[in-house]
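Oh and the sequence shown: position 177 is 177 in full-length UniProt numbering, straight run, nothing missing. Even for Gly, the Cβ is constructed at its ideal location relative to N, Cα and C. Report on the following structure.
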Amino acid sequence: MSTVRTRFAPSPTGYMHIGGMRTALFNWLWARHNGGQFILRIDDTDQERNLSEALGPILQAFKWLGLDWDEGPEVGGSHGPYFQSERNDLYRGAVDKLLAAGKAYRDYDTPEQIQADREATSQEKKNYLNIRRSLELTESELEQYAAEGRPSVVRLLVPRDQKIQIDDAVRGRVEFDAGLMPDPVILRGNGTPLYNLATVIDDAQMQISHVIRAEEHLSNTPVQVLIYQALGYELPQFAHIPFVAAPGGKEKLGKRKLDKYRKSPQFKKMFDKAEAVFPRIGLENAGGLDPVMVEYYEKIGYLPEAILNSLARLGWSLDDKTEFMSLETIVENFTLDRIVKAAAGLDPDKLLNFQSHWMNQLSLEEKIEHCSPYLEKAGLVEDASQPEVKERISRVIVGMEDRLKVASDILEFDEFFVADDQLEYDDKAFKKRIQKSEEAVALLEKFKGQLAQADDFSASALDQLLHEFVEAEGIGMGQIIHALRVAVSGKGTGIGMFDCLSILGKESCLRRIDRAIGLTQNV
Ligand code: GLU
1 MSTVRTRFAP SPTGYMHIGG MRTALFNWLW ARHNGGQFIL RIDDTDQERN LSEALGPILQ
61 AFKWLGLDWD EGPEVGGSHG PYFQSERNDL YRGAVDKLLA AGKAYRDYDT PEQIQADREA
121 TSQEKKNYLN IRRSLELTES ELEQYAAEGR PSVVRLLVPR DQKIQIDDAV RGRVEFDAGL
181 MPDPVILRGN GTPLYNLATV IDDAQMQISH VIRAEEHLSN TPVQVLIYQA LGYELPQFAH
241 IPFVAAPGGK EKLGKRKLDK YRKSPQFKKM FDKAEAVFPR IGLENAGGLD PVMVEYYEKI
301 GYLPEAILNS LARLGWSLDD KTEFMSLETI VENFTLDRIV KAAAGLDPDK LLNFQSHWMN
361 QLSLEEKIEH CSPYLEKAGL VEDASQPEVK ERISRVIVGM EDRLKVASDI LEFDEFFVAD
421 DQLEYDDKAF KKRIQKSEEA VALLEKFKGQ LAQADDFSAS ALDQLLHEFV EAEGIGMGQI
481 IHALRVAVSG KGTGIGMFDC LSILGKESCL RRIDRAIGLT QNV
């Protein structure tokens with residue numbers, strides 16, 4: 001087999017779509033699996049916005065996930081340029097060749113004429129095909145039109161007697177009848193190429209062996225095949241992969257449905273998370289990020305391993321059971337025949353499962369590294385590398401156990417990082433556990449005395465201390481432990497009680513208990 005060369009050709013939109021990332025990943029995987037090359041080509045022919053702004057987040061998504069490209073922006077390569085906007089000469093050259101060979105024609109029909117033709121055929125309940133009036137023009141008429149600068153487009157002359165067969169690696173054999181296809185425009189009046197033309201020229205000239213792309217392009221493929229044939233290029237292997245669907249739905253995941261997603265039970269948690277985390281790390285209005293964008297996952301603290309694993313599993317499987325796979329394993333096993341034909345739905349819960357799995361593979365040191373920037377950005381610690389700060393972060397992470405899923409989860413444990421007099425008490429928990437219970441307040445006061453005398457503030461010593469206290473008082477553990485938790489952490493739930501006390505340290509615990517008791521008297 002000749003060298004496998006795949007490509008991903010994003011239009012710079014200012015963000016990287018998570019479904020598009022899955023397409024890119026499949027291309028990357030297939031290239032790497034075969035020791036081939038992966039090319040990034042920028043489809044910027046219709047670019048209106050600032051290119052570097054629109055492209056930046058796309059390149060960043062690749063970099064974050066560690067998906068390198070062998071040719072393309074920033075790295076160059078011998079098949080460039082890699083921006084379609086810089087390849088106009090190539091497209092024009094190909095169009096000239098097609099015109100000279102009579103495989104394309106300059107069409108002077110006006111849009112009104114074409115519209116009228118379409119209406120006429122639809123009244124006759126016939127399939128519309130171009131009338132091809134311009135093919136009847138004489139040399140001198142053509143010269144005159146050109147001299148007048150009369151508007152025209154270039155159309156491919158569809159060979160109407162042909163059946164087009166595409167042997168798609170995912171969908172099998174797909175057939176189209178060229179006899180039903182209108183002549184597609186390949187060059188606009190202003191001289192810019194259409195997607196189908198530019199794509200074929202680029203794929204052929206860049207020697208792309210496999211075109212792996214979203215199934216919505218399957219309907220473009222017969223046109224592209226005709227262009228390949230008209231130019232005498234060899235066809236690549238096509239593989240049209242199913243789209244990534246919205247959670248719980250059957251429709252394509254897309255930005256336009258964000259309002260609906262916000263209310264969907266599956267997606268809601270992701271939006272809530274964004275609302276809770278992003279403002280705290282300085283991203284107002286959630287930084288304009290939502291779960292359709294790869295950047296959302298990066299900023300909220302997912303791991304590349306988790307995103308890659310779950311994207312790979314969206315529409316591809318190693319076997320019937322394996323869920324957790326490193327990128328290395330996926331590269332080793334990735335084949336096109338194991339891509340599924342049905343649309344795969346993005347599942348936020350599953351994604352979190354993958355994330356949890358990969359988070360648990362990290363060493364404590366690595367977890368600290370991932371979580372620290374969140375504490376710093378939220379202003380909860382000034383310098384996470386200070387030994388005593390780092391020690392505290394480390395102990396909190398250990399205490400969080402499985403509750404640490406995404407790195408920003410550490411912000412939910414801010415009680416360990418705020419000053420004692422800044423600790424906020426959860427209203428409901430405070431009322432229920434402390435304010436409404438005279439007994440709890442009295443017990444807190446009493447236990448505080450014990451804490452004050454404790455020499456050993458390790459979790460196990462505190463465990464023993466509280467058990468002895470409970471026994472001596474003849475009370476149940478439940479009568480004090482909830483009040484104690486709320487008093488020192490401000491919250492009704494959290495990490496293990498004794499770890500919590502131990503991490504906070506004696507002085508903080510005493511001050512916080514005092515403050516909690518004091519607050520009951522103020523209201
Ligand atoms: N720029 C096109 C897109 O984003 C590329 C399609 C293709 O891969 O041929 O849909």
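Which residue's Cα is closest to the Cα of P151: L303, A343, N190?
Taking the first residue of the sequence shown as 1, we reach residue 151 at position 151. Ranking L303, A343, N190 by Cα distance to P151 puts N190 first.
My parser needs the alpha helix (DSSP H) runs of 4 or more residues fully inside the segment 85-117; what are they?
88-100
Could you tell me whether any non-hydrogen atom of ligand 1 is closer than 7 Å to the CB of L43?
For the purposes of this step, residue 43 is taken as the residue at position 43 of the sequence shown. A small correction: the amino acid at residue 43 is Asp; Leu does not occupy that position in the sequence shown. For ligand 1, at least one heavy atom lies less than 7 Å from the Cβ of D43.
For A101 and I227, I'd like the C-alpha separation in whole angstroms.
As a working note, residue 101 is residue 101 in the sequence shown. As a working note, residue 227 is residue 227 in the sequence shown. Each residue's alpha carbon lies about 13 Å from the other.
Do you know whose CA, among E332, K377, C371, L404, lies nearest residue 578's CA?
Nothing in the structure corresponds to residue 578, since the chain is present only between 1 and 523.
Top-ranked residue by Cα proximity to E48, from N34, G14, L40
By one-based count along the sequence shown, residue 48 stands at place 48. That would be G14, whose Cα lies nearest to the Cα of E48.
Compute the Euclidean distance between the alpha carbons of G66 and L423, then round it to the nearest angstrom.
Within the sequence shown, the letter at position 66 stands for residue 66. Within the sequence shown, the letter at position 423 stands for residue 423. Their Cα atoms are separated by approximately 40 Å.
Are the Cβ atoms of R5 and A31 separated by less than 8 Å?
Counted from its first residue, the sequence shown places residue 5 at position 5. Counted from its first residue, the sequence shown places residue 31 at position 31. A contact, by the Cβ cut-off of 8 Å.
Any heavy atom of ligand 1 closer than 7 Å to the beta-carbon of S209?
Locating residue 209 in the sequence shown gives position 209, where the first residue counts as 1. Not so, every heavy atom of ligand 1 lies at least 7 Å from the Cβ.
Quick check: is any heavy atom of ligand 1 less than 7 Å from the C-beta of T322?
Counting from 1 along the sequence shown, the entry for residue 322 is found at position 322. Every heavy atom of ligand 1 is 7 Å or more from the Cβ of T322, so no.
Alpha-carbon to alpha-carbon, E216 and I339:
Here residue 339 refers to the residue found at position 339 when the sequence shown is read from its first residue. Here residue 216 refers to the residue found at position 216 when the sequence shown is read from its first residue. I339 and E216: Cα-Cα distance of roughly 16 Å.
Less than 8 Å between C-beta atoms, sequence neighbours within five positions excluded: which residues of the same chain meet that for A378?
Position 378 of the sequence shown, counted from the start, is the residue given in the question as residue 378. The residues are R280, I281, L411, D414.
Please report the straight-line C-alpha distance between Q224 and I201, rounded to a whole angstrom.
The residue labelled residue 224 in the question sits at position 224 within the sequence shown. The residue labelled residue 201 in the question sits at position 201 within the sequence shown. When rounded, the distance between both Cα atoms is 10 Å.
CB-CB under 7 Å to V441, same chain, minus the five flanking residues each way: which ones, in chain order?
For the purposes of this step, residue 441 is identified with residue 441 of the sequence shown, where counting begins at 1. The answer, listed in chain order, is I434, I517, T520.
For ligand 1, I want to know if P193 counts as a neighbour, meaning its beta carbon is within less than 7 Å of at least one of the ligand's heavy atoms.
Locating residue 193 in the sequence shown gives position 193, counting from the first residue. Not so, every heavy atom of ligand 1 lies at least 7 Å from the Cβ.
Quick check: the Cα distance between V488 and Y374, rounded to an integer number of angstroms?
Position 488 of the sequence shown, counted from the start, is the residue given in the question as residue 488. Position 374 of the sequence shown, counted from the start, is the residue given in the question as residue 374. Taking the straight line joining both Cα atoms gives about 23 Å.
For ligand 1, any of its heavy atoms closer than 7 Å to the Cβ of A204?
The residue labelled residue 204 in the question sits at position 204 within the sequence shown. It does not: the Cβ of A204 is nowhere closer than 7 Å to a heavy atom of ligand 1.
With 16 other Cβ atoms within 10 Å as the buried cut-off, status of V154:
Position 154 of the sequence shown, counting from 1, holds the residue named residue 154. Answer is buried; the Cβ neighbour count reaches 16.
Is T199 near ligand 1, going by C-beta to nearest heavy atom under 7 Å?
Looking up residue 199 in the sequence shown gives position 199. Answer for T199: yes, Cβ within range of ligand 1.
Which same chain residues, not among the five before or five after E376, have their C-beta less than 7 Å away from its C-beta?
To locate residue 376, count along the sequence shown from 1; it is residue 376. Taken in chain order, the residues that qualify are A384.
Just the Cα atoms here: how many angstroms apart are M21 and I42?
The residue labelled residue 21 in the question sits at position 21 within the sequence shown. The residue labelled residue 42 in the question sits at position 42 within the sequence shown. Approximately 14 Å, taken between the alpha carbons.
In the DSSP output, what is I339 paired with across the bridge?
Taking the first residue of the sequence shown as 1, we reach residue 339 at position 339. DSSP, once it has assigned bridges, lists W316 as partnering I339.
In chain order, what residues of the same chain have a beta carbon less than 7 Å from the beta carbon of Q205, not counting five sequence neighbours either side?
As a position in the sequence shown, residue 205 is number 205, starting the count at 1. Correct list, in chain order: H79, L90.
Taking M270 as the reference, which of P12, M293, Y195, F62 has the closest Cα?
On the sequence shown, position 270 is the one that residue 270 refers to. If we check each option's Cα against that of M270, M293 comes out closest.
Between the beta-carbon of I166 and the beta-carbon of T221, is there less than 8 Å?
Working through the sequence shown from its first residue, we reach residue 166 at position 166. Working through the sequence shown from its first residue, we reach residue 221 at position 221. For I166 and T221, yes; Cβs fall inside 8 Å.
What does a CB cutoff of less than 7 Å around V406 pick up in its chain, not counting 5 residues either side in sequence?
On the sequence shown, position 406 is the one that residue 406 refers to. So the list reads I300, G301, Y302, Q355, once near-sequence residues are dropped.
Taking 7 Å as the cut-off, does the CB of H217 come closer than this to any heavy atom belonging to ligand 1?
If you number the sequence shown from 1, residue 217 lands on position 217. Answer for H217: yes, Cβ within range of ligand 1.
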